[in-house]
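As you go down the protein sequences, you meet chains X and U in turn.
Going letter by letter, the first sequence gives residues 1 to 866 in full-length UniProt numbering.
Going letter by letter, the second sequence gives residues 1 to 171 in full-length UniProt numbering.
Using N, Cα and C, we set each Cβ at its ideal position, and we do this for glycine too.
Predicted, not measured: the structure shown is a model, and the values here were computed from it.
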Amino acid sequence: MPPSGIPAKRALPPKESSLFKEVLNLYESKQLKKGLKTADLILKKYPEHGETLCMKGLILTHMGRREEGLELVKKGVRLDLTSHICWHVFGLIQKGEKNYEEALKSYTQALRFDKENLNILRDAAHLQTQLRHFDGLVETRHTLLRLRPNLRQNWIGLAVAYHLNGNLTETKKVVEHYERTLKNVPDYDVEHSEVLLYHVRVLEELGELAEALNLLDVNAKSRAIIDRTAIMEYRARILSKMKNVEDAEHTWQALIQQNPDNYDYFKGYFSNQGLDLFQVTEETRDKALQILREFSTQLPRAAAPRRLALGVATGDEFKQLAEAYLISALEKGIPSLFTDIKALYKEPSKQESIQGIVESHRERLSSPSPPSPSSESEPPTTYLWTLYFLAQHYSFIGQHINSLALLETALKHTPTLPELFMFRARVLKRLGDPFGAARCMDEARLLDLQDRFLNTKVGKYRLRAGMEEEAQEVLGLFTKKDASSPGADLEDMQSLLFLTEDASCHHRNGNLGMALKRYHSVQKVFNEVEDDQYDFHGYSLRRFTINVYLEMIPWADRLRSHVAYVQSAIAASQIYVRLHDDPSIATKSSADNLTDAEKKAKKKAKKAAQKVQEEAKKGHPQTSATEDKGLEPGPAKDDDPDGSKLLKSTDPLDRAWKFLSPLAILELDDVEAWIAIYDVAVRRKKFLQAVRALNRVHSLDPENSELHVRLVHLRHIVLSLPQPPPEPIGPVLAEALDKLLSPEVSLETYNSQYLQQHSTSARSILASAKVLHLLGATPAEEIDNTIFNIFNPEVQVDIEAALDVVAFLRSIRSARVGEFRAACDKKFELSTVFKAPAELISLRRKAIATIEDVEKANGEKTEVVT
Amino acid sequence: MSSTSRSQSRVSFASLTPNNLGTVRKLNSVLFPIKYSEKFYQDVLLPEVEDFCKLVYFNDVPVGTICCRFETAGETTKLYLMTMGVLAPYRSRGLGSKSLEHVITAALTHTKPKIDSIYLHVQVSNAAAKGFYERHGFKEVAVHENYYKKLVPHDAWILERSLADHTEENK
């Protein structure tokens, strides 16, 4: 910078000026203490020098004195608003705090005063990518390329920027230009190979198929592209698109030969012939089967063509193929056979055939064995796996008792196969006995204590049974021993299984604070995953891993459609809505509802949190060896170990919306999510958002029972508004709502009509009772009477729905909760979830297996060896 | 023998560890009318008997056990076969023979201490078991009267196979 341009307050005399340069160098080489001292030397004389203040703040932040550092940086920026150094430092700090939006603003400011600073440009590009500001990204990458055209990654950077911005034509130009500038590419250069593949991909996406194929072939031949599998995959795909059926077929075939278990290759092979492998019609069935048969002969060891044929074949043909497939798998003893096959059950005739095949196989095996059983006869394990398969089959189709009987037979035959106990646990779970299920899973675990899968399952089943503490105990067998608690370690490891199951365990137990705490942990995990992509904006271009990178970006965009996030967001929003509707829950939930075990757990959690903090304190002096703590804040102190602060938050709806807004943006086809969005939106008085959510539910499932409740609710709310919402919201809302719910019918009539139409569905009965309660005019007894219709013989009711009814009756303080529970307990014979609270305590105690359980198999022992 | 079997039946052995002891307990509980003490389960985990205490797997499913201990008196060391059993559906497939041979082979090559013989008890009502061990080179050496306190009959044969003289080995 020319000295003449320096504003007076920034200019330093030569001595200080050179000191300042030293500060910069010391910072770059991370000599923080020295840097700090030098900065102080300048500030002694010029305490108002903005750039020095910022540098000092930056250094302090690196040394772990974050708050002090941030203060200085802010002060420095204020004192020198036109310094690129000040804004750059501010941006760095904001970026460290993952505040990308603000960081980008600071970088933009910095660039105003130093347009060609490469470091700032590069960081800005990463921020723009992270924030998906692709227009700006193209501009930044352009500048970078103009400044440093000899850097290869700058070319790719611009090409990718255009690509992300949807301008493939420019992408192509840039890549071509780049390739022309290359000289002396070494042989087997992975990075060059990636670029060429990328080039092919761009041409393919542009529809310039002949050019794409030509480029691919030339560079495959010259070995410039070295990824052989990718070459074949690209080739097969492009040839298919070019309708070059014959050549494409050869390539697909070669791919299948290479990896005969990749369904995509089969899919490609078939679609090349105009056949949709997963949507076979009567006309195409024979041909498809014929092809699969040929593959089965060619590839005797591959399972894929045989399994695919089962999806295609029908009738006797299916029976014949299924028999061969099933029997061979049972003989091999493949534990996952049922999981593999159950997708076929969508077709009832196939389900029936499979049952017939395996049942007659069982009959054959269980009939009195030939006179001399020897190694020539069928191995007994085949019979065992057959029983196991059938048990899964019958439970899947709802015949749980049948399934339990089969498992009993299997356990008599071979009592040492953990799968049998595991599946018995699952059947008990389905029958509504989470305690028996947990115990059974534990019995499986005791057979093999080093099996981490079994251990995890026991943890999960205990959580399902509401046994939070016992779950952590067993999970703790496999977590880090020096963690403050098993839960804390599992949280560090981002175990979504634990976080979601533990949250819903607390939720069911009525400990809403802990439930919220865990749901927020899930949210945090997803935030971290989102942040993790940041580093790849630089890395992937530097290492030319462009093709996977371009797949990662849209993946990250849909990150929160992951089931763990969706369910956590919905559940957390439901708790926040409850807290909004009745803030008194916050105080009740934390104290009254706790059982002894929970109180103990709470104490434990507090102790653990204390331990963490003490260790953090102790840790401080030790870690000073590495004085640089980086720009990212360290792990925050847990000042809310039991989530009670979350319960008392004053903005429950805003917090709920923070969970849900990504779901609204992703436009998921998820009824529950849209219902949750409605519940929060309507309470935030966002009526258009609310009615839009109901529209989405309506398009997904017009008869949905929760939708029925919400429609009445919205009408009810709108009617009770002192005045309609202002234009244009009011009319749009009215019109949308009228379309969903005719304004001519009274809500009472509408509700009774709905009930009449769906009188055999438990959920609909519950919904109409909810509406009666909502409208407020119905006496409590009548609501109860409506609910008790559920026990009419023609009503279909499952355990889940019955539990929801219990929760509803509790929420309206019905006098007949106990009666309803007892009736369910009777109706669902093997269930335990409807037992009285006192009984549940003893059930919990019995849910843990012991050595005695393992040994009790054969009744009393007469002889004791000591 | 099993070379003609149409399905590949695999027999394998696994050492006992604290982790798979639950499987051993489960097998003992269904195989024997005897409850074994905690001491039994501690002893089978001792490192020196690792070669002589095994779980027996058939097609990767644990279906049997064999457990021995050392008995040293003065200069001689004997291997005492405490338990051996295979689940009923898996019998007559050579699993017992393979298990016993496995232990005998290990005993023959064992040096510290050198093993002089293997012996065991068989209830006098169980002629089939006696026949089985005799086929594997064991001989009746004595009858232990009132060996079993509660099981009837109370007496047991003592069967022994000497390992000191290798010429006696009949395979």
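#1: Quick one: measure Cβ to Cβ for ARG112 of chain X and PRO633 of chain X, integer angstroms, because I've assumed they're closer than 8 Å.
#2: Can you tell me whether DSSP reads residue 203 of chain U as helix, strand or coil?
#3: So, is the C-beta of ASP448 of chain X closer than 8 Å to a C-beta in chain U?
#4: Identify whether PHE58 of chain U lies in helix, strand or coil by the three-state DSSP scheme.
#5: Quick check on the burial criterion: 16 or more other C-beta atoms within 10 angstroms. Buried or exposed for GLU145 of chain U?
#6: Does DSSP put MET1 of chain X in a helix, in a strand, or in coil?
#7: Using 8 Å for Cβ pairs, my map puts HIS126 of chain X next to GLY538 of chain X. What's the rounded Cβ distance?
#8: Which partner residues of LEU159 of chain U appear in the DSSP bridge assignment?
#9: Considering TYR263 of chain X, what are the terminal residues of the alpha helix (DSSP H) in which it resides?
#10: Keeping to the same chain, check which residues put their C-beta closer than 8 Å to that of SER366 of chain X; ignore five residues upstream and five downstream.
#11: Please state the DSSP three-state secondary structure of LEU31 of chain U.
#12: Pull the bridge partners of PHE13 of chain U from the DSSP assignment, please.
#13: Between which residues of its own chain and LYS350 of chain X is the CB-CB distance below 7 Å, once the five residues before and five after are set aside?
#14: Would you report the Cα separation of ASP825 of chain X and ASP155 of chain U, rounded to the nearest angstrom?
#15: Just how far apart, CA to CA, sit SER38 of chain X and VAL23 of chain X?
#16: Which residues, in order along the region 407-422 of chain X, keep a beta-carbon less than 8 Å from a beta-carbon of chain C?
#17: When you compare the CB of PHE70 of chain U with every CB in chain X, is at least one pair closer than 8 Å?
#18: My output table needs one value for MET422 of chain X: the three-state DSSP class, helix, strand or coil.
#19: Could I get the ranges of all uninterrupted alpha helix (DSSP H) runs contained in the region 72-124 of chain U, with 4 residues as the minimum, in chain order?
#20: Mapping the DSSP letters down to three states, classify PHE318 of chain X as helix, strand or coil.
#21: For a test of the three-state rule: what should DSSP assign to GLU627 of chain X, helix, strand or coil?
#22: In whole angstroms, what separates the C-alpha of ALA124 of chain X from that of HIS84 of chain X?
#23: Return the first residue and the last residue of the alpha helix (DSSP H) that residue 876 of chain X is part of.
#24: Looking only at DSSP bridge pairs, what is PHE70 of chain U linked to?
#25: Shorter than 8 Å from the beta carbon of TYR133 of chain U to some beta carbon of chain X?
#26: For GLU863 of chain X, go through chain U and note every residue whose CB falls closer than 9 Å to its CB, in chain order.
#27: Cα-Cα, which of X:ASN695, X:LEU36, X:GLU469 is closest to ARG844 of chain X?
#28: Determine whether the Cβ of PRO583 of chain X lies closer than 8 Å to any Cβ atom of chain U.
#29: What residues of chain U sit near GLY333 of chain X, judged by a beta carbon separation below 9 Å?
#30: Whose C-alpha, out of X:PRO486, X:ALA437, X:GLU419, X:LEU431, is nearest the C-alpha of PHE453 of chain X?
#31: Just by C-beta distance, which residues in the region 377-411 of chain X are closer than 8 Å to chain U?
#32: Return the CA-CA distance between LYS75 of chain X and ARG560 of chain X, expressed in angstroms with no decimal places.
#33: Check whether the Cβ atoms of ALA673 of chain X and ALA571 of chain X sit closer than 8 Å, and answer yes or no.
#34: So is ASN126 of chain U in contact with chain X if we call contact Cβ pairs under 8 Å?
#35: Below 7 Å on C-beta distance, what does LEU87 of chain U contact in chain X?
#36: Buried or exposed: where does ASN150 of chain X fall if 16 or more other Cβ atoms within 10 Å of its Cβ makes it buried?
According to the structure shown:
#1: Contact flag wrong, Cβ pair sits at about 28 Å.
#2: Because chain U here runs from 1 to 171, residue 203 of chain U falls outside it and cannot be looked at.
#3: Output row for ASP448 of chain X: interface = yes.
#4: Strand.
#5: When all chains shown are included, GLU145 of chain U counts as exposed.
#6: Low confidence applies here, because MET1 of chain X scores a pLDDT of 44, under 50, leaving its location unreliable and the question unanswered by this model.
#7: Indeed they touch by this definition, with Cβ atoms about 6 Å apart.
#8: DSSP lists U:LEU120, U:GLU140 as partners of LEU159 of chain U.
#9: TYR263 of chain X -> alpha helix (DSSP H) spans 263-272.
#10: Its chain contains TYR383 as the residues whose beta carbon lies nearer than 8 Å to that of SER366 of chain X, once the 5 sequence neighbours on both sides are disregarded; these appear in chain order.
#11: In the structure shown, LEU31 of chain U sits in a helix (DSSP, three-state: H, G or I).
#12: In the DSSP assignment, the residues bridged to PHE13 of chain U are U:VAL56.
#13: If we look at LYS350 of chain X and ignore the five residues flanking it on each side, its Cβ neighbours are PHE318, LEU344.
#14: The straight-line gap from Cα to Cα measures roughly 54 Å.
#15: Here the sequence assigns Thr to residue 38 of chain X, which means Ser is not the residue at that position. It is roughly 6 Å from the alpha-carbon of THR38 of chain X to the alpha-carbon of VAL23 of chain X.
#16: Absent here is chain C; the protein component of the structure consists of chains X and U.
#17: Interface with chain X (8 Å Cβ-Cβ cutoff): PHE70 of chain U is excluded.
#18: In the structure shown, MET422 of chain X sits in a helix (DSSP, three-state: H, G or I).
#19: Fully enclosed alpha helix (DSSP H) runs of 4 or longer: 95-109.
#20: In the structure shown, the three-state DSSP call for PHE318 of chain X is helix.
#21: Residue state, collapsed to three classes: coil.
#22: ALA124 of chain X and HIS84 of chain X have their C-alpha atoms some 13 Å from each other.
#23: Since the first residue of chain X shown is 1 and the last is 866, residue 876 of chain X is not available in this structure.
#24: Beta-bridge pairing links PHE70 of chain U to U:LEU79.
#25: It does not: the Cβ of TYR133 of chain U has no partner Cβ on chain X nearer than 8 Å.
#26: Against GLU863 of chain X, the close residues of chain U are PHE32, PRO33, ILE34, LYS35, TYR148, LYS149, LYS150, LEU151, in the order they occur along the chain (beta-carbon pairs closer than 9 Å).
#27: Just measuring C-alpha positions, the residue of X:ASN695, X:LEU36, X:GLU469 sitting nearest ARG844 of chain X is X:GLU469.
#28: No - not a single Cβ of chain U is within 8 Å of the one on PRO583 of chain X.
#29: Contact annotation for GLY333 of chain X against chain U: ASN59, ASP60, VAL61 [CB-CB distance below 9 Å, chain order].
#30: Residue nearest to PHE453 of chain X within the set X:PRO486, X:ALA437, X:GLU419, X:LEU431 is X:GLU419 (criterion: CA-CA distance).
#31: Those would be GLU378, PRO379, PRO380, THR381, THR382, TYR383, LEU384, in chain order.
#32: For LYS75 of chain X and ARG560 of chain X, the distance between alpha carbons rounds to 38 Å.
#33: Taking 8 Å as the cut-off, the Cβ atoms of ALA673 of chain X and ALA571 of chain X do not count as close.
#34: No - not a single Cβ of chain X is within 8 Å of the one on ASN126 of chain U.
#35: THR414, listed in chain order.
#36: With fewer than 16 other Cβ atoms within 10 Å, it is exposed.
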